[in-house]
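> With this note's numbering applied, the first sequence has no gaps in its numbers, which climb one by one up to 271 at the end.
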Amino acid sequence: MKDFPVDIEATLFCGQCFGWQKEGGVFQSVVNGVHVQFEEESFLSALAKDGRLEHYFDMDGLYAEANEHLSLLDPKLSSAVRRFGGLHILNQDPFEVLICFILSQNNNIARIRQMYAKLAQTYGKAVNDTLHAFPLASDMKNATEEDFRKLGMGFRAPYLVDAIQKQAILQQVPSLDFEKALELLMTIRGVGPKVGHCILLYGFHRMEAFPMDTWMQKVMITWYPGKDSTYFAPYAGIAQQYLFHYARTEGLQ
DNA sequence: GGCCAGGCCCCAG
DNA sequence: CTGGGGCATGGC
19 MKDFPVDIEA
29 TLFCGQCFGW
39 QKEGGVFQSV
49 VNGVHVQFEE
59 ESFLSALAKD
69 GRLEHYFDMD
79 GLYAEANEHL
89 SLLDPKLSSA
99 VRRFGGLHIL
109 NQDPFEVLIC
119 FILSQNNNIA
129 RIRQMYAKLA
139 QTYGKAVNDT
149 LHAFPLASDM
159 KNATEEDFRK
169 LGMGFRAPYL
179 VDAIQKQAIL
189 QQVPSLDFEK
199 ALELLMTIRG
209 VGPKVGHCIL
219 LYGFHRMEAF
229 PMDTWMQKVM
239 ITWYPGKDST
249 YFAPYAGIAQ
259 QYLFHYARTE
269 GLQ
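1. With distances taken from CA atoms, which of Lys198, Pro229, Gln183 is nearest Arg207?
2. Let me check one thing: in DSSP terms, what residues is Gln46 bridge-paired to?
3. So, with DSSP's three-state summary, where would you put Ala151?
4. Could you spell out the range, first to last residue, of the alpha helix (DSSP H) harbouring Glu27?
5. Residues in its own chain within less than 6 Å of Asn85 by CB, not counting five upstream and five downstream?
6. State the beta-bridge partners of Ala144 as determined by DSSP.
7. Looking only at C-alpha atoms, which of Gln271, Pro252, Glu268 sits nearest to Leu80?
8. Check whether the Cβ atoms of Ala66 and Phe56 lie closer than 8 Å to each other.
9. In chain order, which continuous runs of the beta strand (DSSP E) of length 3 or greater are located wholly inside the segment 185-251?
10. Between Leu12 and Thr140, what straight-line distance do the alpha-carbon atoms span, to the nearest angstrom?
11. Apart from the five residues just before and just after Asn50, which ones in its own chain have a Cβ nearer than 7 Å to its Cβ?
12. Quick check: what's the CA-CA separation for Phe75 versus Phe173?
13. Here's the rule I'm using: 16 or more other beta-carbon atoms within 10 Å means buried, otherwise exposed. How should Glu39 be labelled?
14. So, with DSSP's three-state summary, where would you put Leu62?
15. Leu270 lies in the alpha helix (DSSP H); which residues open and close that run?
16. To the nearest angstrom, how far is it from the Cα of Phe280 to the Cα of Lys159?
17. Under a Cβ-count criterion, where at least 16 other Cβ atoms within 10 Å of its own Cβ denotes burial, should His106 be classed as buried or exposed?
18. Please state whether DSSP places Ile120 in a helix, a strand or coil.
19. According to the Cβ coordinates, are Val237 and Leu261 closer than 8 Å?
20. To the nearest angstrom, report how far apart Val209 and Ala265 are at their CA atoms.
21. Hey, could you find the ends of the alpha helix (DSSP H) Leu95 is sitting in?
22. Could you tell me which of Gly221, Arg167, Glu164 sits nearest to Gln185, measuring between CA atoms?
23. Less than 8 Å between the beta carbons of Leu178 and Phe166, yes or no?
24. For Ala227, tell me which candidate among Leu202, Trp233, Glu197 has the shortest Cα-Cα distance.
25. Flag this pair as yes or no: are the beta carbons of Leu88 and Ile256 separated by less than 8 Å?
The following block contains the structure:
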């Protein structure tokens, strides 16, 4: 099994994160308060300059093993791995993931990106003239439901307030088993099963997580009738991301 | 210019 | 516990 190079485009625009821009071949965002900018060809040297980026891009992830395992399960996954085997699950900041996926409900990715930018611009620390970090919980601790509604966050505004108030529970998650962690996260208003799984996958790298959104429901009915996420164990999270991206970019057929 | 979006809350049965 | 209406907003 050949080792897949990182598919930067798919990794950054597959709907697991919402803060990256690509203009004229340049990828740009703020990661953990640090401005990050690189072109495709200089990706590896960008990683070398900042060791924390290696963790962010999950360069130590078990993709060779995971891809081999998933490829052998069935033809659809084999095809998905060939196409998207370089898609990595990022190690994102859990609070940022919490907020982003509360925003994601009954929403589309383009607008989630807009709302992300709005929060960063309004509450995040500036890293240069034009770019702001995504806000920390402490940056938004005084924001009210009305503030968020004025910013265009809609019916999710009160959920954001509750999430900011309860953000400390994120620190308990790493020590909990999956079901307990999910249960705890769902005590935050606006966090249900799907958003909870997203937080555990994208914020805590829990590979048992298998977010079931409308796309994945179609995927399971069409391609995996009668099966559930345990079929993909122990790489359910990775399989979910490949299949989600597959369905969204190329349809269900 | 409607339709719909990486769901969840809330309230009936 | 299961099902269905309602929800803010703007991209398409």
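Even glycine gets a Cβ: it sits at the ideal position worked out from N, Cα and C.
These numbers were taken from a predicted model, which means no experiment stands behind them.
By the coordinates alone:
1. Residue mapping note: residue 207 aligns to position 189 of the first sequence, counting from 1. Ranking Lys198, Pro229, Gln183 by Cα distance to Arg207 puts Gln183 first.
2. Along the first sequence, read from residue 1 onward, the residue named residue 46 stands at position 28. BP columns for Gln46 point to Gln39, Gln55.
3. Within the first sequence, residue 151 is the residue found at index 133, counting from 1. Coil, per DSSP.
4. In the first sequence, counting from the first residue as 1, residue 27 sits at position 9. 26-31 is the extent of the alpha helix (DSSP H) around Glu27.
5. Taking the first residue of the first sequence as position 1, residue 85 is located at position 67. Counting only Cβ-Cβ distances below 6 Å, and skipping sequence neighbours, we find Val99, Gly103.
6. In the first sequence, counting from the first residue as 1, residue 144 sits at position 126. Beta-bridge pairing links Ala144 to His150.
7. To locate residue 80, count along the first sequence from 1; it is residue 62. Taking only the C-alpha atoms, the option nearest Leu80 is Pro252.
8. Within the first sequence, residue 66 is the residue found at index 48, counting from 1. Within the first sequence, residue 56 is the residue found at index 38, counting from 1. Not in contact: Ala66 and Phe56 (Cβ atoms no closer than 8 Å).
9. The DSSP assignment places no complete beta strand (DSSP E) segment of no fewer than 3 residues inside the segment 185-251.
10. Because residue 12 is not part of the residues shown, which for the chain are 19 to 271, the question remains open.
11. For the purposes of this step, residue 50 is taken as the residue at position 32 of the first sequence. So the list reads Arg70, Asp111, once near-sequence residues are dropped.
12. Counted from its first residue, the first sequence places residue 75 at position 57. Counted from its first residue, the first sequence places residue 173 at position 155. In a straight line, the C-alpha of Phe75 is about 32 Å away from that of Phe173.
13. Taking the first residue of the first sequence as 1, we reach residue 39 at position 21. The amino acid at residue 39 is misidentified as Glu; the sequence shows Gln. With fewer than 16 other Cβ atoms within 10 Å, it is exposed.
14. As a position in the first sequence, residue 62 is number 44, starting the count at 1. It is helical.
15. Walking along the first sequence from the start, residue 270 turns up at place 252. Membership of Leu270 in any alpha helix (DSSP H) is not indicated, and neither H nor E is assigned to it by DSSP.
16. Lying outside 19 to 271, the shown extent of the chain, residue 280 is not represented and no answer is given.
17. As a working note, residue 106 is residue 88 in the first sequence. That one is buried.
18. Taking the first sequence and counting its residues from 1, the one referred to as residue 120 is at position 102. DSSP places Ile120 in helix when its eight states are reduced to three.
19. Mapped onto the first sequence, residue 237 falls at position 219. Mapped onto the first sequence, residue 261 falls at position 243. Yes; because the gap between Cβ atoms is below 8 Å, this pair is in contact.
20. For this step, residue 209 is matched to residue 191 along the first sequence. For this step, residue 265 is matched to residue 247 along the first sequence. Here the alpha carbon of Val209 sits roughly 24 Å from the alpha carbon of Ala265.
21. In the first sequence, counting from the first residue as 1, residue 95 sits at position 77. Per DSSP, Leu95 belongs to the alpha helix (DSSP H) from 93-102.
22. Position 167 of the first sequence holds residue 185. Measuring from the Cα of Gln185, the nearest candidate turns out to be Gly221.
23. In the first sequence, residue 178 corresponds to position 160, counting from 1. In the first sequence, residue 166 corresponds to position 148, counting from 1. Against a cut-off of 8 Å, the Cβ pair of Phe166 and Leu178 comes out as a contact.
24. Counted from its first residue, the first sequence places residue 227 at position 209. Considering only alpha carbons, the answer is Glu197.
25. By one-based count along the first sequence, residue 88 stands at place 70. By one-based count along the first sequence, residue 256 stands at place 238. Yes. Within cutoff.
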